[in-house]
Amino acid sequence: MLGVDEALDYPIAETRWSGKSTRDIGEGHKIFYCGERDKRNGVGIILSPEYKEQVVEVKRYSDRLIKVRLAVGEGLVNIISGYAPQIGETETKKDEFRRNLEDVIVTVPEEETLFVGADLNAHLGESCDGFGRIHGGEGYGNRNTEGERMLECLESLDMAVVNTFFKKRNEHLITYTSGGHKTQIDFILTRRKDLKRFADCKAIPGEEIIQQHKLVCAKIKMRMKKAKKDKKEEQLLETTEMRMLRRIRGVTLEDKMRSDDIRKELGVCPIGEKARESRLRWFGHVMRREPENHLKQMLTWKSQGEDQEADRKEDGVTE
Numbered sequence: 001m002l003g004v005d006e007a008l009d010y011p012i013a014e015t016r017w018s019g020k021s022t023r024d025i026g027e028g029h030k031i032f033y034c035g036e037r038d039k040r041n042g043v044g045i046i047l048s049p050e051y052k053e054q055v056v057e058v059k060r061y062s063d064r065l066i067k068v069r070l071a072v073g074e075g076l077v078n079i080i081s082g083y084a085p086q087i088g089e090t091e092t093k094k095d096e097f098r099r100n101l102e103d104v105i106v107t108v109p110e111e112e113t114l115f116v117g118a119d120l121n122a123h124l125g126e127s128c129d130g131f132g133r134i135h136g137g138e139g140y141g142n143r144n145t146e147g148e149r150m151l152e153c154l155e156s157l158d159m160a161v162v163n164t165f166f167k168k169r170n171e172h173l174i175t176y177t178s179g180g181h182k183t184q185i186d187f188i189l190t191r192r193k194d195l196k197r198f199a200d201c202k203a204i205p206g207e208e209i210i211q212q213h214k215l216v217c218a219k220i221k222m223r224m225k226k227a228k229k230d231k232k233e234e235q236l237l238e239t240t241e242m243r244m245l246r247r248i249r250g251v252t253l254e255d256k257m258r259s260d261d262i263r264k265e266l267g268v269c270p271i272g273e274k275a276r277e278s279r280l281r282w283f284g285h286v287m288r289r290e291p292e293n294h295l296k297q298m299l300t301w302k303s304q305g306e307d308q309e310a311d312r313k314e315d316g317v318t319e
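Numbering (full-length UniProt numbering), first residue to last: 1 to 319.
Here you go:
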């Protein structure tokens with residue numbers, strides 16, 4: 001189980017639930033999952049109350065891969081949960097998973113943020129050994145064949161293994177224990193250019209969420225833009241709406257009847273919530289269009305100045 005941004009999401013593997021669905025799992029959290037009838041594998045993504053209503057797209061590829069797309073303050077965030085075949089599986093299945101993972105990753109536009117939480121069932125090793133751009137040299141154990149092939153796959157995608165870029169004690173590196181066997185097979189991945197967003201990443205000793213697996217957490221720096229204008233507009237709409245509802249109900253302010261009670265009696269939810277839901281549906285509809293769609297081009301368009309500023313930040317140039 002991998003935790004990203006603590007309040008954002010938790011990609012999980014080996015859910016062993018059948019079907020493709022969504023569940024509320026308590027305390028406002030929601031899980032999007034995908035599994036087959038045999039209940040052998042299964043993957044899912046848990047979203048916190050703060051983000052579960054920001055979902056604009058869910059892609060359930062198989063019982064080993066799922067992606068959720070969110071409209072966050074700074075743009076679109078893509079979260080992928082993956083579960084690679086175990087070491088005892090055939091090479092055909094392992095190759096198929098790597099190809100499918102690659103296919104999913106390359107569909108995410110470069111201007112969108114991408115996080116992957118996955119049980120890779122591969123030992124990437126303590127040192128980088130030829131993969132210095134994507135492996136930070138702070139891993140655990142010895143690399144095996146599956147680890148070598150997975151690193152080759154990630155290198156071709158320029159995807160960094162976040163766990164390996166933070167120096168930790170072994171207890172914060174080990175993600176899987178079985179008897180006397182300890183290893184690191186659960187990882188958080190991101191595009192190499194976005195690695196600077198991460199402030200920390202480690203396994204949590206004692207937090208055994210799934211049998212034998214440790215919880216892996218990462219802290220991410222996200223720029224959250226506050227929609228002050230939208231808030232003011234929503235407040236104005238809700239004030240106007242409440243005046244209308246009071247007239248329909250035949251009550252005045254002197255009656256001291258709570259607004260929530262009036263809405264409940266009339267079966268009406270706040271108009272601000274309806275407006276937010278409509279904006280998200282529209283945004284998701286536009287972003288699912290083809291790249292040449294005019295509305296999508298307008299939403300993703302950047303001025304020359306913005307592109308130059310982004311290039312300067314990427315190159316580490318500050319004024």
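Don't be surprised by glycine CBs; every beta carbon is placed ideally from N, CA and C.
Residue i in three-state terms, based on DSSP
i	result
threonine 252	coil
cysteine 201	strand
lysine 52	helix
alanine 227	Its pLDDT being 45, under 50, alanine 227 is placed unreliably by the model, and the measurement read from it follows with that caveat. DSSP places alanine 227 in coil when its eight states are reduced to three.
asparagine 163	helix
lysine 20	strand
lysine 221	coil
valine 43	strand
valine 216	strand
glutamate 110	coil
isoleucine 25	strand
lysine 168	coil
serine 62	strand
glutamate 57	strand
Residue from the options with nearest C-alpha to residue i
i	options	result
glycine 44	Glu53, Val55, Asp158, Asp63	Asp63
isoleucine 79	His29, Ala203, Arg169, Ile188	Ile188
lysine 193	Val162, Asn142, Cys217, Lys52	Val162
phenylalanine 166	Val106, Glu27, Gly136	Gly136
asparagine 170	Arg258, Leu101, Tyr140, Gln212	Tyr140
valine 72	Pro85, Glu53, Gly88	Glu53
valine 108	Gly130, Thr190, Asn41	Thr190
alanine 118	Lys221, Arg247, Lys67	Lys67
leucine 266	Lys256, Ile248, Gly130	Ile248
glycine 82	Arg246, Asp186, Cys269, Ala218	Asp186
Own chain partners of residue i with C-beta closer than 6 Å, once the 5 adjacent residues on each side are dropped
i	result
residue 332	No information on residue 332 is available, as it lies outside the stretch 1 to 319 that the chain covers here.
threonine 240	none
glutamine 86	Asn121
Neighbourhood of residue i by C-beta distance below 7 Å, restricted to the same chain and skipping five residues each side
i	result
lysine 226	Low confidence applies to lysine 226: its pLDDT is 47, below 50, so where it sits in the model is not reliable, and the reading given next is rough at best. Same-chain partners within the cutoff: there are none.
glycine 147	Ala122, His123, Leu124, Gly125
asparagine 142	His123, Gly125
Contact set for residue i: own chain, Cβ-Cβ below 8 Å, skip 5 residues either direction
i	result
aspartate 25	Aspartate is not the amino acid found at residue 25; the sequence shown has isoleucine there. Answer for isoleucine 25: Ile31, Ile46, listed in chain order.
proline 270	Glu238, Glu241, Arg263
First and last residue of the uninterrupted alpha helix (DSSP H) at residue i
i	result
aspartate 186	Unbroken run through aspartate 186 is the beta strand (DSSP E), 186–191; no alpha helix (DSSP H).
glycine 147	145–157
isoleucine 134	First-last for isoleucine 134: undefined, no H or E at that position.
serine 259	259–266
Where the beta strand (DSSP E) containing residue i begins and where it ends
i	result
glycine 180	First-last for glycine 180: undefined, no H or E at that position.
cysteine 34	29–35
leucine 114	113–119
Checklist entry - In the stretch 69–98, which residue ranges form an unbroken beta strand (DSSP E) of at least 3 residues, counting only runs that do not cross its ends? => result For the stretch 69–98, whole beta strand (DSSP E) runs of length 3 or above, ordered along the chain, are 75–83.
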